[in-house]
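Worksheet: the structure to be examined is printed underneath.
Numbering (the working numbering), first residue to last: 5 to 284.
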């Protein structure tokens, strides 16, 4: 293969088979991986970043420097960024945070305020929050104009001091009367999780039997975010230093690593310069 063909193959392999590709990258030279990830188009590297071991990711970020590391990390959500930055030195963490886009930096800093074994470290700050004194039609107008939230099933309701009052299902608002106050649809018996409590304390919470996501509040009952059950599982696995594995079979091309692993390893180490030339 010529350089262009090698480059296309390496990028396609990372995009289409990220789990197999990350095994190869984690055995590659850190500086070569840093060059590859910092110069390749984000659409190719984003799938790989989700599976990379945080400790190796930290080494890659250190090799890149703060500006390039922030650009690469920006392809991830705040929770994933926080996992990596928790393992970085204080100096490196500060520099990378300064280079992140403002909205991502704010959400990441919020998560980093909490110890890794608490609910607050694993919550998502992305949700749709509305004040209690608005009408349904105002909420629907906002949604139609492009308002989005990570947890699309629920809309969270607070008072004007951001204290959590309850939540309602998005579908209930769609079916409800436009001129009714949003509190007419509110489930006011929805339990919330204190951000500062240990994850282990929440794993057996009875509310998980009825919902896959729960609101997270501070000591003043102000709404900070939401904790999806999958984030709870991820956090518990991370705390116990267990790398999560799917129960499904191998990826269709994962056996490529077993047969051609060393060849692909050499390929990834070779194409970083080509990526730099091709995509800068």
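Each residue gets a CB set at the ideal place from its N, CA and C atoms; glycine is no exception. The model shown is predicted, which means the values in this text are computed figures rather than measured ones.
Taking only runs of the alpha helix (DSSP H) that begin and end inside the segment 79-117, which ones reach a length of at least 4 residues, in chain order?
Contiguous alpha helix (DSSP H) elements confined to the segment 79-117 occur at 82-90, 94-103, 106-116, taking only those with 4 or more residues.
Quick check on residue 226: does DSSP put it in helix, strand or coil?
Locating residue 226 in the chain shown gives position 222, counting from the first residue. Three-state DSSP puts residue 226 in a strand.
What number of angstroms, rounded off, separates the C-alpha of residue 208 from the C-alpha of residue 202?
Residue 208 sits at position 204 when you count from the first residue of the chain shown. Residue 202 sits at position 198 when you count from the first residue of the chain shown. So the alpha carbons of these two residues sit roughly 12 Å apart.
Cut-off 8 Å between Cβ atoms - residues of its own chain near residue 144, not counting five sequence neighbours on either side:
Stepping through the chain shown from its first residue, residue 144 is reached at position 140. If the five residues before and after residue 144 are omitted, its C-beta is found closer than 8 Å to the C-beta atoms of 177, 178, 182, all from its own chain and listed in chain order.
Using only the alpha-carbon positions, how far apart do residue 141 and residue 237 sit?
For the purposes of this step, residue 141 is taken as residue 137 along the chain shown, with counting starting at 1. For the purposes of this step, residue 237 is taken as residue 233 along the chain shown, with counting starting at 1. Straight through space, the alpha carbons of residue 237 and residue 141 are spaced by roughly 37 Å.
Could you pull out every residue in the same chain whose Cβ sits closer than 7 Å to the Cβ of residue 120, ignoring the five residues on either side in sequence?
Stepping through the chain shown from its first residue, residue 120 is reached at position 116. Closer than 7 Å at Cβ, skipping near neighbours: 90, 243.
Can you give me the start and stop residues for the alpha helix (DSSP H) that residue 237 sits inside?
In the chain shown, the residue the question calls residue 237 occupies position 233. Under the DSSP assignment, residue 237 falls in the alpha helix (DSSP H) whose first and last residues are 233-243.
Proximal residues to residue 64 (C-beta, below 7 Å), its chain only, five neighbours per side dropped
Within the chain shown, residue 64 is the residue found at index 60, counting from 1. So the list reads 34, 37, 38, 41, once near-sequence residues are dropped.
Around the Cβ of residue 214, are there at least 16 other Cβ atoms within 10 angstroms (buried) or fewer (exposed)?
Taking the first residue of the chain shown as position 1, residue 214 is located at position 210. By the C-beta density criterion, residue 214 is exposed, having fewer than 16 other C-beta atoms within 10 angstroms.
Taking residue 137 as the reference, which of 157, 148, 161, 131 has the closest Cα?
Here residue 137 is taken as the residue at index 133 of the chain shown, counted from 1. It is 161 whose Cα lies nearest to the Cα of residue 137.
List the DSSP bridge partners of residue 2.
Because the chain in this structure spans residues 5 to 284, residue 2 falls outside the shown range and cannot be described.
Please go through the same chain and pick out, in chain order, the residues whose beta-carbon is closer than 7 Å to the beta-carbon of residue 110, but skip the five residues on each side of it.
One-based indexing of the chain shown puts residue 110 at position 106. Within the same chain, no residue comes within 7 Å of residue 110 by CB-CB distance, once the 5 residues on both sides are set aside.
Closest Cα partner of residue 114 within the set 45, 105, 127, 104
For this step, residue 114 is matched to residue 110 along the chain shown. For residue 114, the nearest C-alpha among the options comes from 127.
Apart from the five residues just before and just after residue 86, which ones in its own chain have a Cβ nearer than 6 Å to its Cβ?
Position 82 of the chain shown holds residue 86. Correct list, in chain order: 112, 115, 116.
Coil, strand or helix - residue 215 by DSSP:
Here residue 215 corresponds to residue number 211 of the chain shown, with the count starting at 1. Residue 215 falls in the coil class under three-state DSSP.
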